[in-house]
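Input: a single structure, listed below in structure tokens.
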Amino acid sequence: MKDSFIILLVLIHAIGWSQDTDSLQINVPDSLRLATTFQSDSIQRDSTISPQRRSDIETTINYDSKDSIRFNAQSQKVFMYGESYIDYGDITLEAERTEVDWSTRIIHASYITDSTGSAIGKPVYTDGPDVYATDDIIYNFRTRRALIKGVVTQQDEAFMHGEDVKKNSRDELFIKGASYTTCDLAEPHFEIKSNKLKVIPGNKVVSGPFNLRFRDLPTPLFFAFGMFPQPKKKASGIVFPSYGEENRRGFFLREGGYYFAINDYIDARITGDIYSKGGNALNFTSNYYKRYAYRGTLNFSYTKTVTDNVENPLETNDYWARWNHSPQSKGNSSISASVSAGTSTYNSNNNLINQDFSRSINSQFASNISYRNSLPRTPFNMSLNLRHSQNLQTRIVNLTLPDFTLNMNRIYPFKKLIKSSKSPLAKLNFSHNFVSRNEINNGPINEPSGFTIANSNPLADSTLAFKSENFDAILERSKIGGQHTIPVSTSLTVLKYFTLNPSFNYRELWYTKELDYTFIPEENAVRVDTVDGFSRAGSWTSSASLNTRVYGYVAFNKGKVQAIRHVMTPSVSFSYSPDFSDPKYGVYKEVQIDTTSTNENNTRVLSKYQGFIFGSPPGGESKTLGFSLSNNLEMKVVSRKDTITGSKKIKIFDNLGMSTGYNLAADSFKLSNINFNARTSLFENKVSVNFTGTLDPYEYLLISERFNPDGSRNVTQRRRDRYTWNNGNGLGNLSNMNISVGINLRPKKKKDQTRDQTGYGETGAFQQGTGVIPPGENINYEGYTDEEQEEIRRIQDNPNEYIDFNVPWTLRMQYSINRTQTGFADPNVRQSFQFSGSLGLTDKTQITFNSGYDFEAKDFTTTRIGINRDLHCWSMSFDWVPFGRFQSYFFSIQVKSSVLKDLKWDKRRSFFDFFN
Numbered sequence: 000m001k002d003s004f005i006i007l008l009v010l011i012h013a014i015g016w017s018q019d020t021d022s023l024q025i026n027v028p029d030s031l032r033l034a035t036t037f038q039s040d041s042i043q044r045d046s047t048i049s050p051q052r053r054s055d056i057e058t059t060i061n062y063d064s065k066d067s068i069r070f071n072a073q074s075q076k077v078f079m080y081g082e083s084y085i086d087y088g089d090i091t092l093e094a095e096r097t098e099v100d101w102s103t104r105i106i107h108a109s110y111i112t113d114s115t116g117s118a119i120g121k122p123v124y125t126d127g128p129d130v131y132a133t134d135d136i137i138y139n140f141r142t143r144r145a146l147i148k149g150v151v152t153q154q155d156e157a158f159m160h161g162e163d164v165k166k167n168s169r170d171e172l173f174i175k176g177a178s179y180t181t182c183d184l185a186e187p188h189f190e191i192k193s194n195k196l197k198v199i200p201g202n203k204v205v206s207g208p209f210n211l212r213f214r215d216l217p218t219p220l221f222f223a224f225g226m227f228p229q230p231k232k233k234a235s236g237i238v239f240p241s242y243g244e245e246n247r248r249g250f251f252l253r254e255g256g257y258y259f260a261i262n263d264y265i266d267a268r269i270t271g272d273i274y275s276k277g278g279n280a281l282n283f284t285s286n287y288y289k290r291y292a293y294r295g296t297l298n299f300s301y302t303k304t305v306t307d308n309v310e311n312p313l314e315t316n317d318y319w320a321r322w323n324h325s326p327q328s329k330g331n332s333s334i335s336a337s338v339s340a341g342t343s344t345y346n347s348n349n350n351l352i353n354q355d356f357s358r359s360i361n362s363q364f365a366s367n368i369s370y371r372n373s374l375p376r377t378p379f380n381m382s383l384n385l386r387h388s389q390n391l392q393t394r395i396v397n398l399t400l401p402d403f404t405l406n407m408n409r410i411y412p413f414k415k416l417i418k419s420s421k422s423p424l425a426k427l428n429f430s431h432n433f434v435s436r437n438e439i440n441n442g443p444i445n446e447p448s449g450f451t452i453a454n455s456n457p458l459a460d461s462t463l464a465f466k467s468e469n470f471d472a473i474l475e476r477s478k479i480g481g482q483h484t485i486p487v488s489t490s491l492t493v494l495k496y497f498t499l500n501p502s503f504n505y506r507e508l509w510y511t512k513e514l515d516y517t518f519i520p521e522e523n524a525v526r527v528d529t530v531d532g533f534s535r536a537g538s539w540t541s542s543a544s545l546n547t548r549v550y551g552y553v554a555f556n557k558g559k560v561q562a563i564r565h566v567m568t569p570s571v572s573f574s575y576s577p578d579f580s581d582p583k584y585g586v587y588k589e590v591q592i593d594t595t596s597t598n599e600n601n602t603r604v605l606s607k608y609q610g611f612i613f614g615s616p617p618g619g620e621s622k623t624l625g626f627s628l629s630n631n632l633e634m635k636v637v638s639r640k641d642t643i644t645g646s647k648k649i650k651i652f653d654n655l656g657m658s659t660g661y662n663l664a665a666d667s668f669k670l671s672n673i674n675f676n677a678r679t680s681l682f683e684n685k686v687s688v689n690f691t692g693t694l695d696p697y698e699y700l701l702i703s704e705r706f707n708p709d710g711s712r713n714v715t716q717r718r719r720d721r722y723t724w725n726n727g728n729g730l731g732n733l734s735n736m737n738i739s740v741g742i743n744l745r746p747k748k749k750k751d752q753t754r755d756q757t758g759y760g761e762t763g764a765f766q767q768g769t770g771v772i773p774p775g776e777n778i779n780y781e782g783y784t785d786e787e788q789e790e791i792r793r794i795q796d797n798p799n800e801y802i803d804f805n806v807p808w809t810l811r812m813q814y815s816i817n818r819t820q821t822g823f824a825d826p827n828v829r830q831s832f833q834f835s836g837s838l839g840l841t842d843k844t845q846i847t848f849n850s851g852y853d854f855e856a857k858d859f860t861t862t863r864i865g866i867n868r869d870l871h872c873w874s875m876s877f878d879w880v881p882f883g884r885f886q887s888y889f890f891s892i893q894v895k896s897s898v899l900k901d902l903k904w905d906k907r908r909s910f911f912d913f914f915n
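Quick note: the sequence shown uses numbering that gives the first Met the number 0, first residue 0, plus one each step.
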């Protein structure tokens, strides 16, 4: 029977240990609870004697024992047997046997052994967040000092084992016969063995001479002393560099510098690199964070690369700037940013450092800074974007400074006035969108073609470098404009089964300038002048569509196929747009372009907004009758796996459709191309097939053809306003066709396998490598700690850096073929094939691969093979590009814990080394 009692400090101290006590020893049997109140003798205290000193015990001591508790009043000791427990403030002690000496304030806890020699009830001492598993402990709760034997304790991510330990009042540990490791096993895979170790909680671990051991095997790595920082809060300090060698730049020290822990919400890291052949680098990184508001990272890198060439040494200076900012709040406004900018040679020159293969082969990068605001209590929302894009090959840079958008949500002005919700007037709605944009581009100018321009810009075909001397010329190429769009629509039911959707769209363009054309007979050319000033032009279109759905269902009484369901959705539409090239609209102008008498067509209709950012109102009247048809086909078959319905649905075609149009206002080629498409999934969505095609319904007349030395043909032909079926040539010429087949295979999940897509189990603890989070996926962070939220974001930002060891294998393949042909010209066929996947050799070993085949080059595309091994407290990875331009490999084995992140061995060879 369980015995338990609570002795209050005041009660214990009032006993008066100096008084004579009964020499009789009091033994409390198992079935009796101690309930005796001790009183002092009847001798009255002399008032002249100083009062007893204040107790050193600060709070109530609770203790308990499962078996029995024995109290000796003469020796002032308490003996507890069987799963004893002591609770003193933030200190707890659990052990099989515990002895408490109230005269000395010392607690002694130990364990016992069973008949087989196994330990039972080893003492576990807890002081706040620190837990110590021991063999024997003597603790003084007056001085808070302790002597411990056979201790195992955890400090942050590290575990410390010790033979003899002394603990002082500041909770510092002095360990003799110590081992330091991040492996949580009783017999760790590796350890840093030291005869003396001092632990300063929340600060650091200081060691005397130590040796790195694997299991019990020593290594040649001996050090005179060591220090392992363990700050509970971020602390400033030195960042030690990594060292190595590469062929191109020689011996190096990388990423050495200083870390600044400015406060809990912002930090900074400044590091540098130095190479024996003359190169160097400087890196700055800062992270900032405000809870429930935003977080971000700012990075700037500068590198100087020196090519080891005695005859012609080459020095290249590169820089790269990155800024990522993401909002965390749920308010009306937010700011986000993703900025990447740098020199065109940074990625290729520094591939060895960043180990980012995709950046090395990517020829384009872009940036965007966005501000969004949903104006409260209004239907409006706005956004402001600053964009940048750069092509490293063409050196063309596009800047959008800024892109302003104001949207008005859809409004139903008569919805509350009309009782019937099915009324066309109640469904009448409109919205508004305004976009204002300023684009700056250093690429070639898109000047009007087909005639000679008298005042043509001599640099129109040139790409200007972003230099101070070219600044004015680049600004002249900027495009500024605004665009309003107002769509109005409604819907109504016609003849019960048809839906009529009429709509009207108004579009208005705003510009700060316009073009004026003047023919110069003396030069036989056209002068194009830019007239500054506000200019606007409006255009509109109207349309109506009529659609319905037709259902077909066929049931079968016999066989595995129970039924086939067919849904057909036909749609007929008509749209009208006037001819805005008519002079009455003032947008287009008929300009003479030539004085040659033999040229019958010596005039051209030109827009005053030629080449502007939002274009011009459409020229030419349009009365287009459109038709489209889509089909969905499914069947129901018998399924023994479904114990509820006994059947399952199989999709034959997700969609099978076609569309075309007929322009009643056109003087020729009235019929539009015939487009068709098909999409289906096979084998429980493991295989997806997509097919699109375009038929040109008109004939082509071959005028001439010429064969090139390589066997290809150059043809001269003309499209004729005559349908192909008039001469028995079918529905038309197949001008475009695309077929893609995707296969995604992976084993089915086991019934007992329960994990969500985030990798967090039911307990909320993150299970390393058990989940894959798609980029951009919205995750509910409720219930997760800040560290877990940060890890989820890292997985989302870098999905390729995480391996799912729970999936034994995956295989993804994608094949596509695209064929284009115009009339009698030779068809152009492009094929591509990519495949990737993973193979789990064991539950801890995963092989990944990624490759493809280039049908034009008749060779494999860049191929990557990776091997990842989970070594419990270590991780091993091998990344290999076996052939091709980027042939390289990278091998790494390192400790998982961030405490010993520098305990690793890397071996790498980049494609630069193969070239050298």
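Just so you know, even glycine gets a beta-carbon here, dropped at the ideal spot from N, CA and C.
Contact check, residue i vs residue j, beta carbons under 8 Å
i: Y110; j: K121; result: yes
i: I368; j: N384; result: yes
i: G201; j: P230; result: yes
i: Y264; j: L252; result: no
i: H565; j: G551; result: yes
i: N323; j: G278; result: no
i: T809; j: G836; result: yes
i: S646; j: S627; result: no
i: N737; j: T691; result: yes
Outcome for residue i when other beta-carbon atoms lying within 10 angstroms are tallied against a minimum of 16
i: S916; result: Nothing in the structure corresponds to residue 916, since the chain is present only between 0 and 915.
i: F209; result: buried
i: A472; result: exposed
i: I68; result: buried
i: T103; result: exposed
i: Q389; result: buried
i: N732; result: buried
i: F533; result: exposed
i: D272; result: buried
i: I25; result: Confidence at I25 is low in this model, with a pLDDT of 36, below 50, so the placement of that residue should be treated as unreliable; the coordinate-derived value is given next. Classification of I25: exposed, given that the 10 Å Cβ count is below 16.
i: G127; result: exposed
i: L840; result: exposed
i: R248; result: buried
i: W904; result: exposed
i: Q154; result: buried
i: S178; result: buried
i: L23; result: Confidence at L23 is low in this model, with a pLDDT of 33, below 50, so its placement is unreliable and no value can be given for it.
N-terminal and C-terminal residue of the alpha helix (DSSP H) that residue i is part of
i: E475; result: F470 to E475
Unbroken beta strand (DSSP E) run spanning residue i, endpoints
i: L172; result: L172 to T180
i: D666; result: Where D666 is concerned, there is no enclosing beta strand (DSSP E), given that its DSSP letter is neither H nor E.
i: D869; result: R863 to L870
i: L220; result: L216 to F222
i: L605; result: T602 to S606
i: K289; result: N279 to K289
Residues bridged to residue i (per DSSP)
i: T492; result: T498
i: Y575; result: S541 and K622
i: K195; result: K175
i: Y258; result: G236 and R268
i: G585; result: Its beta-bridge partners do not exist; DSSP assigns none.
i: E244; result: F250
i: T821; result: T821 pairs with nothing; no bridge assigned.
| task | Kindly provide the ranges of any alpha helix (DSSP H) runs that are 4 or more residues long and lie completely inside the region 343-421, ordered along the chain. | result | 345-348, 350-353 and 356-360
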